[in-house]
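Letter by letter, the sequence shown follows residues 354 to 507 in my numbering. The beta carbon of each residue, even a glycine, is placed where N, CA and C say it ideally should be. So the structure is just underneath, and the comments pick up after that.
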Amino acid sequence: MEALHVAKANLTVYLHPSQTKDVNEAVTRELSSLLFKFSEIYDGVLLAHEIADVPSRHGKILSGLFPYVGVRLTANLLLFAPKPDTYLEGKVVKVGQESIHVVVLGFSAAIITVDDIRDEFRYKIKSGEEMFRSTSHKRHVIKVGTMIRFLVKR
């Protein structure tokens with residue numbers, strides 16, 4: 354998938370002195386708190402991380418009221434960052450007259466509005482089920498549970 358990529362990052366993780374008993378566990382916990390959240394720095398959602406290297410076993414104590422310890426490290430980050438004009442695949446979770454709602458990779462929501470749906474598709478309700486049906490291929494149907502591939506506009 355074009356929207357997934359790995360970024361190598363040089364990070365500084367700030368730990369409270371009470372967490373310095375097991376630095377590796379504390380650093381992993383801090384990085385794990387960023388999972389599935391959008392990061393403006395990397396312009397994407399962090400899906401996974403792997404600590405590649407901790408160059409020094411010593412941290413730098415920061416001055417101030419709360420003396421946090423800064424631990425420098427190198428990590429590989431798996432990011433979900435779709436760009437315009439890339440294709441994504443997702444599962445349809447809701448179909449309405451004005452839009453199709455899709456979940457990508459099981460966590461990210463996308464909405465395809467009626468303006469962006471190809472003209473060959475028409476909205477229909479059949480047996481109480483909402484769907485978009487192709488006028489050129491009768492078996493080509495978009496309904497809840499269907500996997501679709503779509504182009505990212507923005």
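Open item on the list: Could you tell me which whole beta strand (DSSP E) segments of length 3 or greater appear in the region 399-459?
Closed with: 422-433, 440-448, 452-457
- [ ] Label His402 either buried or exposed according to how many other C-beta atoms from any shown protein chain fall within 10 Å of its C-beta, with 16 as the threshold for buried.
- [x] On the sequence shown, residue 402 is found 49 positions in, with the first residue counted as 1. So His402 ends up on the buried side.
Task: Residue span of the alpha helix (DSSP H) that contains Thr381, given as start and end - done: Position 28 of the sequence shown holds residue 381. Residues 376-385.
Open item on the list: Please return the same chain residues whose Cβ sits closer than 7 Å to the Cβ of Pro437, not counting the five positions on each side in sequence.
Closed with: Locating residue 437 in the sequence shown gives position 84, counting from the first residue. Contacts found: Val505, Lys506, Arg507.
- [ ] Identify whether Ser371 lies in helix, strand or coil by the three-state DSSP scheme.
- [x] Reading the sequence shown from its first residue, position 18 is the one you call residue 371. If DSSP states are grouped into helix, strand and coil, Ser371 belongs with the helices.
Task: Buried or exposed by the 16-neighbour rule on C-beta atoms within 10 Å, applied to Met484 - done: Position 131 of the sequence shown, counted from the first residue, corresponds to residue 484. Burial call: buried.
TODO: Could you tell me whether the region 436-450 touches the region 489-502, using the rule of 3 or more Cβ pairs below 8 Å?
DONE: yes
Open item on the list: Do Val424 and Val366 count as a contact pair if the criterion is CB distance below 7 Å?
Closed with: The residue labelled residue 366 in the question sits at position 13 within the sequence shown. The residue labelled residue 424 in the question sits at position 71 within the sequence shown. Result yes, Cβ atoms of Val366 and Val424 sit closer than 7 Å.
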